[in-house]
Amino acid sequence: MASPTQQSHPPDNQPLWWQYGVVYQIYIRSFQDTNGDGLGDLGGIIQRLDYISDTLGVDAIWITPFYPSPMVDFGYDISDYTDVDPRFGDLVTFKWLLDEAHRHGLKVIVDYVPNHTSSEHPWFKESRSSCDNPRRNWYTWRDPQADGSPPNNWLSVFGGSAWTWDATTAQYYLHSFHREQPDLNWRNPAVQAAMFDVARFWLELGVDGFRIDVALLIMKDPELRDNPPDPDPEPVWVRTMGPWALQLHVHDLAHPDVHRVYREFRQLLDSYSATQPRMSVGELHDRDLSMWASYYGQRLDELHMPFNFHLLGVEWNTTIIQRLVDAVEAALPERAWPNWVLGNHDQSRIASRVGAEHARLAMMLLLTLRGTPTLYYGDELGMPDVLIAPEDAQDPWERNAPGQGFGRDPERTPMLWDAGPNAGFCPPDTRPWLPLAPQAERLNVAAQLADPHSMLTLTRRLLQLRRTTPALSIGSYRAWNEVPDDCVVYVRSDGAEQYVIILNFAYEERQIELPSCWRGVIRISTCGDRHDEDVRGTLRIRRSEGVILGLAVGADQPEADGA
Ligand code: NOJ
Ligand code: CA
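For the sequence shown, the numbering used here gives the first residue as 88, with consecutive numbering after it.
As structure tokens, then:
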């Protein structure tokens with residue numbers, strides 16, 4: 088648990104929006120339906136901008152894919168990168184949303200899905216039409232092995248081989264996900280040029296950034312060698328990813344050539360950033376922290392941030408969490424800006440992973456660690472995973488491997504707005520695309536706004552304090568380890584401003600001896616009380632309680648462990 092060094096490196100000059108801000112992820116299908124088809128849409132996001140910017144108080148939204156798609160993987164199978172699926176709206180509505188979001192002071196991040204298209208994309212239709220089609224080499228086609236089997240042992244994340252036989256030209260094509268999501272061949276310069284044009288299209292329209300889907304998959308071993316088995320597979324990965332997690336993915340992703348692509352992508356973003364700073368955040372999973380950190384680029388010239396998913400996979404245990412936070416801080420290249428994630432559309436919700444009581448601690452952790460938090464819609468309400476009956480399953484992963492727990496529908500259910508029919512997500516006589524959480528009546532936004540002790544009220548307070556407190560947004564981080572084992576304590580500072588975050592994971596009270604030089608005031612307790620309580624000497628902290636303590640200006644700093 089030792090963290091001898093203070094991690095600061097606050098951004099150079101003026102911190103930028105993606106550094107001090109909080110990002111709110113909107114899974115568009117489930118946010119707000121405005122036309123009565125049971126699916127969320129762009130108009131629904133426009134309708135809820137006041138909630139996002141004023142009531143909740145975040146700084147940016149990331150909207151999951153809204154492009155034309157056969158919806159085999161709910162929009163991550165794109166058939167036209169530069170348009171809007173009519174189920175979600177049209178380009179005019181998107182532009183309207185962008186302008187309205189900007190008017191509300193919100194930045195807009197959109198998904199960029201470079202690794203694969205839909206099999207319905209015109210590029211793939213041409214590619215599969217004949218071996219000598221000019222777009223043949225836009226995807227990866229190979230002959231079968233002598234016995235007719237696929238060219239190598241690579242697996243689809245969704246189950247089975249990553250190769251599908253195509254009778255038209257008697258070859259296999261590669262797909263890291265569903266067979267209707269063929270992988271683009273980024274080693275073909277024409278593909279990179281076409282995909283960079285896609286980015287230009289959205290940048291010119293005015294988007295502020297991209298969330299890059301499976302960012303590392305675009306560069307694979309050019310010889311397509313077999314992956315070796317993983318001699319020590321991580322149990323959590325096996326549980327959540329199935330057979331895919333039993334291989335070492337040394338050849339089917341993260342080939343070092345991927346760095347060149349992201350350096351060039353960064354140059355593209357930079358060329359649009361003079362008056363409007365643009366950013367990229369890459370979806371990538373790498374257990375090895377130094378590999379993970381390498382995607383910032385040696386000169387911070389690749390991704391603005393590789394998503395930091397490390398809190399998602401670890402045990403909910405203070406020693407492990409403290410060690411992880413310190414390890415992430417230590418792995419960061421000089422001046423790289425961290426970020427933290429506790430939930431998204433591919434992971435069981437935090438309230439289900441750690442329970443409702445600890446979800447409050449988790450929110451305090453997410454919003455007070457050093458780095459940009461990405462907050463998944465509905466987590467501000469403490470929404471849990473929803474049990475989906477087999478006949479209601481939508482996710483292709485669940486349908487490919489029913490009942491094995493890989494399905495992602497439980498964390499994608501409709502947002503709960505009020506106590507009315509369908510919780511205000513869609514009209515009363517409409518069937519939402521996924522069932523609502525059974526706790527809708529208690530957890531909805533309207534009910535929680537009226538409750539001073541609700542999860543939403545806590546989240547709003549945390550966001551508000553963070554927004555008005557540089558120590559909590561861009562300040563430095565220092566672990567403080569003189570605490571009981573089941574507590575996590577750290578200090579955030581900016582100049583004279585110091586805040587101590589104390590999280591008690593135990594299901595019973597703990598007492599913490601604060602350094603005698605500390606005089607503080609509790610600014611927020613996860614229990615919704617104690618605000619403005621003066622603290623000195625011994626701090627009594629209740630079961631599952633987290634507090635943010637503002638230290639009086641001039642209070643001496645305690646020494647970090649090992650310093
Ligand atoms: C990652 C996305 O988050 C997930 O939802 C999707 O299924 C895969 N990439 C494939 O695009
Ligand atoms: Ca709709």
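Beta carbons: idealized from backbone N, C-alpha and C, even for Gly. Note that this is a predicted model, so its numbers are computed, not measured.
query	result
In three-state terms, what does DSSP make of Pro173?	coil
For ligand 1, which residues have a Cβ under 5 Å from at least one heavy atom, in chain order?	Asp160, Tyr163, Phe264, Asp300, Val301, Asp433
For Glu402, does the count of other Cβ atoms within 10 angstroms reach 16, so buried, or fall short, so exposed?	exposed
Return the CA-CA distance between Asp186 and Gly192, expressed in angstroms with no decimal places.	10 Å
Name the residue from Pro237, Leu126, Asp433, Val145 whose alpha carbon lies nearest to the alpha carbon of Trp250.	Pro237
Report the rounded CA-to-CA distance for Glu321 versus Glu291, giving the unit in angstroms.	42 Å
Would you be able to state if there are at least three C-beta pairs under 8 Å between the region 394-414 and the region 304-319?	no
Check the DSSP bridge columns for Arg147 and list the partner residues they point to.	As written in the sequence, residue 147 is Ala, which differs from the Arg given in the question. According to DSSP, which records beta bridges pairwise, Ala147 is partnered with Val110, Lys194.
Using a strict less-than 5 Å threshold between each residue's beta carbon and the heavy atoms of ligand 2, what residues do you get?	Asp120, Asn122, Asp124, Leu126, Asp128
Give me, in chain order, the residues of the same chain whose beta-carbon lies closer than 8 Å to that of Ala418; leave out the 5 immediate sequence neighbours on both sides.	Leu376, Ser377, Trp379, Ala380
Val200 and Tyr163 look like a contact to me (Cβ under 8 Å); what is the Cβ gap, rounded to whole Å?	6 Å
Hey, is the region 544-564 in contact with the region 478-493, meaning 3+ C-beta pairs nearer than 8 Å?	no
From the DSSP output, in three-state form, read off Trp403 for me.	coil
Measure the CB-CB distance between Gln258 and Trp289 and report whether it falls below 8 Å.	no
When the Cα of Ile589 is compared with those of Ala583, Cys604, Arg610, which residue comes out closest?	Arg610
I need the boundaries of the beta strand (DSSP E) containing Ile588, first residue and last residue.	584-591
Would you mind working out which of Pro318, Ser360, Asp344, Leu311 sits nearest His338, comparing C-alpha positions?	Leu311
Indicate the three-state DSSP secondary structure (helix, strand or coil) for Phe352 in the structure shown.	helix
Using the beta-carbon count (16 or more within 10 Å), is Trp484 buried or exposed?	buried
In whole angstroms, what separates the C-alpha of Ser243 from that of Asn487?	11 Å
Is Asp160 closer than 8 Å to Phe264 when the C-beta atoms are compared?	yes
Measure the Cβ-Cβ separation of Arg174 and Asp128 and say whether it is below 8 Å.	yes
Just to check my reading of the structure: Gly296 and Val368 have Cβ atoms closer than 8 Å, yes? What is that Cβ distance to the nearest angstrom?	7 Å
Let me know the secondary structure DSSP gives Gly296 once reduced to three states.	strand
Per the DSSP calculation, Met366 is bridged to which residue(s)?	Gly296
Among residues of its own chain, excluding the 5 on either side of Gly108, which ones have a beta-carbon nearer than 6 Å to its beta-carbon?	Asp146, Ala147
Quick check for students: name the residue ranges of the alpha helix (DSSP H) that lie wholly in the region 198-276, counting only runs of 4 or more.	209-216
Since Val532 contacts Leu462 with CB under 8 Å, what's their CB separation in whole angstroms?	Wrong, their Cβ atoms sit about 14 Å apart, outside the cutoff.
Go to Leu543, then tell me how far its beta strand (DSSP E) extends in each direction, as first and last residue.	Unbroken run through Leu543 is the alpha helix (DSSP H), 542-554; no beta strand (DSSP E).
Would you give the residue range spanned by the beta strand (DSSP E) that Pro460 belongs to?	459-463
Can you give the beta carbon distance from Tyr564 to Glu416, rounded, assuming they're within the 8 Å contact cut?	6 Å
Would you say Val622 reaches chain B, if we count a Cβ-Cβ gap shorter than 8 Å as a contact?	Among the chains of the structure shown, chain B does not appear; only one protein chain is present.
For Pro393, which residues does DSSP report across the bridge?	Gly369
Look up Asn487 in the DSSP assignment and say whether it is helix, strand or coil.	helix
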